[in-house]
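Take the sequence shown: its letters are residues 51 to 181, numbered as in this note's numbering.
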Amino acid sequence: MVLHSEKDNGSTGGETGIAPLASADAGTSCHTHTRDDDTERRSHHSDKVKNNLISRLNRIEGQIRGVKGMIEKDTYCDDVLNQIAAVQSALNSVGKLLLEGHMKSCVIERIQEGDTDVIDELLVTVNKLMK
């Protein structure tokens with residue numbers, strides 16, 4: 051079984067192989083909800099963005115099942131490692147899309163509201179993504 055990375059799917063998403071988010075607001079907005087004295091930040095993604103992310107994650111889930119099957123069938127290690135790299139690339143693409151939407155909506159909204167703590171939060175998140 052040969053699995054492919056997002057880059058190989060023939061999409062016209064540019065250099066990364068992923069379709070960029072179309073609008074400046076990236077189809078995402080952030081809200082702060084108060085529930086039982088707890089403040090909880092949440093994102094709201096448009097149906098289009100949410101469906102795109104879910105579709106990508108479903109594809110990744112299938113790729114992971116494929117890798118598991120390769121190991122169960124004693125597939126040559128190099129082939130398995132290449133498929134693991136494809137899965138990691140696809141997951142990184144999902145992360146990039148979420149980061150883009152977060153920066154174009156949530157981060158901007160919070161800075162406009164005077165909440166500059168979001169910059170430190172963003173730096174921590176970007177550091178985690180870059181590991």
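Ideal placement from N, C-alpha and C gives every residue a C-beta, glycine not left out. Fair warning: this is a prediction, and the values are worked out from it, not measured in the lab.
Three-state secondary structure assigned by DSSP to residue i
| i | result |
| --- | --- |
| E163 | coil |
| S96 | coil |
| D128 | helix |
Selected residue, minimal CA-CA separation from residue i, among the options
| i | options | result |
| --- | --- | --- |
| S143 | E171, L173, L107 | L107 |
| K146 | T166, M120, T175 | T175 |
| S96 | S155, N177, V117 | S155 |
| L149 | R115, L173, Q133 | L173 |
| S93 | R160, K123, T125 | R160 |
Burial state of residue i (16 or more Cβ within 10 Å)
| i | result |
| --- | --- |
| V99 | buried |
| R91 | exposed |
| Q162 | exposed |
| G119 | exposed |
| I110 | buried |
| G164 | exposed |
| H152 | buried |
| R115 | exposed |
| A140 | buried |
Assumed close pair residue i, residue j - CB separation to whole angstroms, cut-off 8 Å
| i | j | result |
| --- | --- | --- |
| V137 | Q113 | 5 Å |
| V117 | Q133 | 5 Å |
Residue i CB to nearest heavy atom of the ligand GDP below 8 Å
| i | result |
| --- | --- |
| E90 | Summarising the ligand content, the structure contains no ligands, and the ligand GDP is consequently not present. |
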